[in-house]
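Reading through the structure tokens given below for one structure.
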Amino acid sequence: MDYATLLQILDSTLRLATPLLLACLAGLFSERSGIFDIGLEGKMLMAAMCTGAAAYLSGSVWVGVLAGIAGSMVLAAIHGLASITFRGNQLISGVALNFIASGITVLAAQSLFRQGGRTPPLSGDARFNPIELPFAESAHAIPIIGPFYAEVLSGHTILVYIGLLCVPLTWWALFRTRFGLRLRAVGENPASVDTAGVSVIRLRFAAVAITGILCGLAGAYMAAGLQAGFGKEMTAGRGYIALAALIFAKWRPWYALMATLLFGFFQALALRPDVITRLFHFSIPVPALDAMPYILTVVVLAGFVGRAIPPRAGGEPYVKER
Amino acid sequence: MAATGTTSGRQDTAAPEGKAPAIELRGVSKAFGPVQANKDISIRVMPGTIHGIIGENGAGKSTLMSILYGFYKADAGEIFINGQKTDIPDSQAAIRAGIGMVFQHFKLVQNFTVLENVILGAEDGALLRPSLAKARRVLKELAKEYGLDVDPDEVIEELSVGHQQRVEILKALYRHADILILDEPTGVLTPDEADHLFRILRGLKEQGKTIILITHKLREIMEITDTVSVMRRGEMTATVKTAETDPEQLAELMVGRKVLLNVPKGPANPGRVILEVENLRVVDEDKVERVKGISFTIREGEIFGIAGVAGNGQSELLAVLGGIMPATGSIRLNGKDLDLTGRHSDGQSRRARGIAHVPEDRQHLGMIMDFTAWENMAFGYHNDPAYQKNALLMNNAAILEDSQGKMERFDVRPPIPTLAAKNFSGGNQQKIILAREIERNPDLLLVGQPTRGVDIGAIEFIHKRIVELRDAGKAVLLVSVELAEIMSLSDRIAVMFDGRIMGERMPEDTDERALGLLMAGVGGEGA
Amino acid sequence: MTQLPRWADVVLVPLISLLLAGAISAIVIWAIGESPWQALKTMVDGAVGSAYGWGYTLYYATSFIFTGLAVTVAFHASLFNIGGEGQAQLGGLGVALVCLALPWPHWTLALPAAMIGGALFGAAWAAIPAYLQARRGSHIVITTIMFNYIAAALIIYMLVSVLKPVGQMDPATARFPAGTHLPTLHEIPGFNLIFTKQVPANVSLFVALFACWLIWILLWRTRLGYEIRAFGRSEPAAKYAGISPFRVTMYAMLISGALAGLMSINNVMGESGRLVQNSAEGAGFIGIAVALMGRNHPIGVFLAAILFGFLYQGGAELGLWTSIPIELRTVVQGLVILFTGALDHMVRMFLGQFFRPRPLGVA
Amino acid sequence: DPAIIYDLGGKFDKSFNEAAFNGAEKWKAETGGSYKELEMQSEAQREQALRRLAETGANPVVMTGFAFGDVLNKVAPDFPDTKFAIIDMVVDQPNVKSVVFTEEQGSYLVGMMAAMASKTGTVGFIGGMDIPLIRKFACGYAEGVKAANPDATIVANMTGTTPAAWNDPVKGAELAKAQKSQGADVIYAAAGGTGIGVLQAAADEGILSIGVDSNQNYLHPGQVLTSMVKRVDNSVYEAFSEGPDMTTGINVMDLKAGGVDYALDDNNKALVTPEMQAAVDEAKAKIEAGEITVHDYMSDETCPALTF
Ligand SMILES: Nc1ncnc2c1ncn2[C@@H]1O[C@H](COP(=O)(O)OP(=O)(O)OP(=O)(O)O)[C@@H](O)[C@H]1O
Ligand SMILES: Nc1ncnc2c1ncn2[C@@H]1O[C@H](COP(=O)(O)OP(=O)(O)OP(=O)(O)O)[C@@H](O)[C@H]1O
Ligand SMILES: [Mg+2]
Ligand SMILES: [Mg+2]
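Structure representation (structure tokens):
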């Protein structure tokens, strides 16, 4: 494989990893607070639809992003209500919300635009446009690093950079702030937080809200960055891959970046079966590449590669009085 | 009922100098669904004193303290702190009012460091770094002042229980608690650790702090408290000055009657050896060695009692014999080895070899609360050929009929086998389990805490049945934290401490005092 | 929380959940500018208004009975199997391989063989998550989700690269031999008086009903069922009773996977007569709703499966005759799961108001 | 009433299915009649949809896409009085009309244009699902490219092996970007809904694209070189107009019959030079006259101009 091809695949990796990364970090907040969320997929989808619709109607991508976040937050709020307030089963709530999102996005888009459950294509300001990083043109002159900077790092939409920025931000928030300390504690032992005089419910709702925001960004990126508009089921299981990445990353922000980049790389590679064939002189079936994130996650879950220990209070509603 | 006029009279004498009490509760009530955990409770604690609270399991002690700490909300009642009426809707308010609490079950984040646990909820700002630095400094001072040494950077799960408790105390002190509540702090401690704790508590008292200490142990009450309150069935039955009372009186107040548990039983006729345990070691899931090489034998027609403070390896011993936990060493039943780790180390195999097991925790181990009584009667014996219709199907009718008989013979009330287990009272649940296990006519009966939370009538009945089984020539291994029960029921007594048997005594050659010393790890030949 | 009487818990809670889901669906329909009443009428007409509609409703219900039972069995062992979809797809592969392996002379021979194939493949697909849960403590929910996706990829690979006949363009197996054709209700003497036209509901329906009965026997009449239920209620107690957690987890999931796989005799063998991509069409997920709705009892599952069959056929009719997208049924399905499975405490709290016992301690 | 069933991409795929939709709408506008329509949601649903439509008395029933072939073969005999029309597939039943197009011819024309418009000498092809039908597009395209510029390089990719490949704009966009990095500056997308992503990415990257099935020039005015139009709309219109008396049998829609063509309108006028147009129109005449035969991949599953 020549360097140009590699750069092209890495470039593609970064694009494809971004929604995974945002969703993965979203899940990280929720699960760190002890609320399991298999509804990432649904929230992303909802956000993608809201973004597509609002950006088209308003002509502004930022209005679209806000709408996307709002859409995702509605689902997050329902999940919070079900799993925090009413102490319901978090897994079932997540499954249910995924179904609701899958259906309601099509219903809404269809009723708004009558284009078979799509939103009309976005163009111009209704969509994120690539940003050239400074000196990207001139950087080509520098060997190796230069093209990498110009081809892979530069030329993405703003949300890609926001996604990358979210990684250190998440790490900092989680491990260097009061909020993070409490959040981690509430996911490990909510009673410790409660007896320390901090509201478990408020913390968990805050975490779920952050999940909503990040999933909103992930969905907005799908509709206005990666594509130009919303299409039926356009997230195509990315929420579940993000969930897999979260486990793969053992609920840690930097590992989440690694995991999502790896899974994004698989997706990018799956687009170029020709490269693999040329490289290894045999063809790996594309379905095998598609399934790779899931297979790897199962391997990690099985404890063959380190142990993935979820937050201890995860999945359990906090009940003081039986 | 038991709250007499004299007890309330005594209560008023608790404020001689006219100083406002540090804590005063008036008419506090709390119900959990149908369970009335606290009924119209009033209590006063004077500043700078150590106040004890005693009461049987489930008397409502923890609930009352949790209300004071804002963990639960009372249904009725008022709280006064230093004479001021104070609302305590949550723990934050309690902390603000200067109250700190060390719960019976610690509220620590296992994978956080000591420092992180200490600052949790009491951070100084949005960023952690300054808070951590400050806490490190304060902790050092506190360590010096009260002898509360603990490495601030150690992760909680690496610490011993005693050290974890210190962290809890530090947490309270870090929050400037003037009133410290400790819920059964010594239940999990070694005698050394307990002594150390008491020294700390005395130090705190000298600094003018008020301490409330919940315990089951009369000895501790007598040793350290200034005043003591007694709770029974959700009610406060008395508050007295420690100096003016004695253990017998407290015990009577606690149980509501003279405690004289004397089971009518004839002398034992020990026959051949049924059970031989040799050098048994048990390591639990957290890789902690719970039983550290014990050996003993039980003969037919003999009740072998194991006394000890809860958490000294008795539960694990029962679990191993009952096939719930693996172990190393050797156990022989009727001369044949029991499998301790392999395929035949499960409960089914134990039952097949003639071991019946009445577990300590009846609600979580002994039965399935959502199952009916008759389903529970087959629990563990569901493979019994008598319960099968054919190779595939169970004979539910047979189980039902069998259960009906057992319930009647054991006086389970109501004797309705189709009722769900959760709808029986605790005592009757216990009878269902006993009926199931004893009527199997086992060679060896394991019983853990047979009368925990059971009323007097039922206690006598249960004791009678256990003795009957002995008299039928069976072996019984009895584990109980109630010394009185051990004393009156056992034909031979062993005391466990820290995973070892401290010594064996004949009941007629010993008394509660001597056993108590062994339970505390003092003396004995096993240490 | 106040405890509800049993009848309220079994009948009232699901009923109210269903009504809530229905009410919100109506609001959704109204919000997209359609008439909920008209929609309901179309659904009722299309799904149960004619023998033909029933033919489809029962066809869908058959699949849902299998997957609902699959979820139920696992639920009783307190295992949440969301892998029904993948297991059903693998079951489809098993059925297809059996059907294509021999020139079957008659369906009476092909059906039992295909059942074994479907059940075996479904069970095998459940076995790995079960093993990982029982031995390595991996959360079964996550592993079964992963296995759904791996199953989809595997099926695509099998269809595209292995099973697709030469010259065929769409990724599907060849048609099964005529001897594997299962009689539809239209072809069964007696039933053909009602079902006068070709309908997809076929003899698998009776297999499904039989499975309901069998699962009831299993859960409440056999030792294994006893152990499954005991283990599901309390793992420590089960260990005390000498019930092996490993054994129960494995058996419960194997049975669950086998049931999900068995579904394929209905759709793959009975209806399409060949294996296509995504053959289960989400029935594995609907099994969750069916089990929740049916309160994890075979009779409840049967009733809930009919309800969802109605929803599915009715929803298809909506897509056909109105401008309400077919996705409405996905929304309703999600709402039912949400209300019966996650917001059930809300419903109970609400009902609790009416069943509050007299306060204690008044006397 | 007539009825139409769209394949998985949906009737608004801006491509194949939308062409069919346009035909139906044209019929409706002209005759004032009404028709029933249905969009496939999943692979397993085909048979029900087909039966249900036939059941309600719709006649003729038109379906778009080869994937209906198998079920139609099964369903058609059950409804002998109903006429069916299937596009892109041959189904041998007495009551079925099979409409197939000579996509290789249309692709040949746009291939020539691609080669002439390319500055790099490298052109791209992005197919949807990897099936002989799509290879037929690719092969005709490659022949056209070579005819105009024998030295040109052709980069060809397929989106996938399942019907999902028809509706994956993300993948389409990524493939377009990959082809651009390999030097391609004109990309022909024969990939249904996936093509939307290809055209979008090409426009974003500043290179040219070629649409398919419908006239897609308007999607990115001035950035879509042309479109290989396949007059599915005409076929649908025709089938609807014939009504229940529709003629059955195989109906080959070739260049001559107006079945395929390249699109020229205001949106791409500036991109098509007079030389280009002259060359293409000449080739068109030759093909119609039989002087040029474009190889049909499906006839022998080989392609002289391109290896897959
Ligand atoms: N969170 C709760 N929900 C419901 N019931 C509770 C709860 N906590 C305690 N109870 C019930 O309230 C009663 C009093 O319990 P509490 O824990 O206060 O007793 P205790 O005196 O501390 O007993 P122990 O000595 O065993 O600790 C018991 O019947 C108990 O089952
Ligand atoms: N959750 C419940 N639902 C229905 N009935 C119950 C429930 N809990 C207890 N009961 C009934 O209420 C009665 C009193 O129960 P409780 O546990 O308070 O008894 P108790 O006085 O503690 O008796 P014991 O000394 O035998 O434990 C019992 O007869 C029991 O059948
Ligand atoms: Mg307590
Ligand atoms: Mg009781």
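If you read the protein sequences in the order shown, they are chains A, B, C and D.
As numbered in our numbering, residues 1 to 322 make up the first sequence, in order.
As numbered in our numbering, residues 1001 to 1527 make up the second sequence, in order.
As numbered in our numbering, residues 2001 to 2363 make up the third sequence, in order.
As numbered in our numbering, residues 3001 to 3308 make up the fourth sequence, in order.
Beta carbons are placed, not taken as given, at the ideal position from N, Cα and C, and that holds for glycine.
Quantities reported herein were computed from a predicted structural model and do not represent experimental measurements.
| Query | Result |
| --- | --- |
| Would His2345/C pass as a contact of Phe86/A if the rule is Cβ separation under 8 angstroms? | yes |
| Identify which residue in Met3129/D, Phe3125/D, Asp3130/D, Asp3151/D has its Cα closest to the Cα of Gly3140/D. | Phe3125/D |
| Give every residue of the same chain whose Cβ lies closer than 7 angstroms to the Cβ of Ala2316/C, excluding the five residues on either side of it in the sequence, and list them in chain order. | Ile2326 |
| Take Ala3184/D as the anchor and find which of Val3071/D, Asn3167/D, Leu3208/D, Pro3163/D has the nearest alpha-carbon. | Leu3208/D |
| In angstroms with no decimal places, state the Cα-to-Cα distance between Val3224/D and Ile3287/D. | 24 angstroms |
| I'd like to know if Met2169/C contacts chain D, where contact means its C-beta is closer than 8 angstroms to some C-beta of that chain. | yes |
| CB-CB under 7 angstroms to Ala2237/C, same chain, minus the five flanking residues each way: which ones, in chain order? | Ala2230 |
| Is there a Cβ of chain D sitting closer than 8 angstroms to that of Gln8/A, yes or no? | yes |
| Could you tell me whether any Cβ in chain A is nearer than 8 angstroms to the Cβ of Gly2361/C? | The pLDDT assigned to Gly2361/C is 38, lower than 50, so where the model puts this residue is not dependable; a value taken from the coordinates is nonetheless given after this. No, Gly2361/C does not count as interfacial toward chain A. |
| Counting only beta-carbon separations shorter than 8 angstroms, does Ser2234/C have a partner in chain B? | yes |
| Please determine, among Ala3085/D, Thr3031/D, Glu3039/D, Ala3283/D, the residue with the shortest C-alpha to C-alpha distance to Val3340/D. | What the structure shows of chain D is the stretch from 3001 to 3308, and residue 3340/D is not part of that stretch, so it cannot be assessed. |
| Please check if any C-beta of chain B sits within less than 8 angstroms of the C-beta of Ser192/A. | yes |
| Who are Gln1036/B's beta bridge partners in DSSP? | Ala1031/B |
| May I have the straight-line CA-CA distance separating Ala1373/B from Asp1075/B, to the nearest angstrom? | 34 angstroms |
| Expressed to the nearest angstrom, what Euclidean distance is found between the alpha-carbon atoms of Gly1354/B and Leu2163/C? | 58 angstroms |
| Quick check: is the beta carbon of Arg2358/C nearer than 8 angstroms to any beta carbon in chain B? | Residue confidence is low: Arg2358/C scores 49 on pLDDT, short of 50, so the model does not pin down where it sits. No coordinate-derived value is stated. |
| Name the one or two DSSP bridge partners that Met1231/B has. | Gly1055/B, Met1236/B |
| Could you tell me whether the Cβ atoms of Gln1104/B and Glu1157/B are closer together than 8 angstroms? | no |
| Tell me, please, whether the CB atom of Tyr2226/C is closer than 8 angstroms to any CB atom in chain B? | yes |
| Output yes or no for whether 8 angstroms exceeds the beta carbon distance between Met3040/D and Gly3069/D. | no |
| Once DSSP output is grouped into helix, strand and coil, what is the label at Lys1292/B? | strand |
| Within the continuous beta strand (DSSP E) that includes Gly2956/D, where are the two ends? | The requested residue 2956/D is not part of the displayed model; chain D covers only 3001 to 3308. |
| Could you give the distance in angstroms between the alpha-carbon of Phe2080/C and the alpha-carbon of Ile309/A? | 19 angstroms |
| Kindly provide the ranges of any alpha helix (DSSP H) runs that are 4 or more residues long and lie completely inside the region 2169-2217 of chain C, ordered along the chain. | none |
| Among the residues of its own chain, which have a CB less than 6 angstroms from the CB of Pro1415/B, if the five just before and after it don't count? | Met1407, Glu1408 |
| Got a sec: is the Cβ-Cβ distance from Ile1438/B to anything in chain A below 8 angstroms? | no |
| Quick one: Cα of Pro2378/C to Cα of Arg32/A, how far? | Because chain C in this structure spans residues 2001 to 2363, residue 2378/C falls outside the shown range and cannot be described. |
| When we look at the beta-carbon of His2186/C and count the other beta-carbons within 10 Å, is it buried (16 or more) or exposed? | buried |
| If you drop the 5 nearest sequence neighbours on each side, which residues of the same chain put their C-beta closer than 8 angstroms to that of Met2001/C? | Its pLDDT being 47, under 50, Met2001/C is placed unreliably in this model, and the value from its coordinates should be taken loosely. His2345, Arg2348, Met2349, Gly2352. |
| Would you say Thr3194/D and Thr3159/D are within 8 angstroms of each other, going by their C-beta atoms? | yes |
| Which same chain residues, not among the five before or five after Phe1304/B, have their C-beta less than 6 angstroms away from its C-beta? | Ile1298, Leu1477, Arg1492 |
| Label Trp2054/C either buried or exposed according to how many other C-beta atoms from any shown protein chain fall within 10 Å of its C-beta, with 16 as the threshold for buried. | buried |
| Would the region 249-265 of chain A and the region 9-17 of chain A be scored as touching if the rule is three or more Cβ pairs under 8 angstroms? | yes |
| Where Gln2277/C and Val2166/C are concerned, what is the direct C-alpha to C-alpha distance, given to the nearest angstrom? | 17 angstroms |
| Would a check of beta-carbon distances place Lys43/A closer than 8 angstroms to chain B? | no |
| Within a Cβ cutoff of 6 angstroms, which residues of the same chain sit near Ala2061/C, ignoring the five residues on either side of it in sequence? | Ala2305, Ile2306, Gly2309 |
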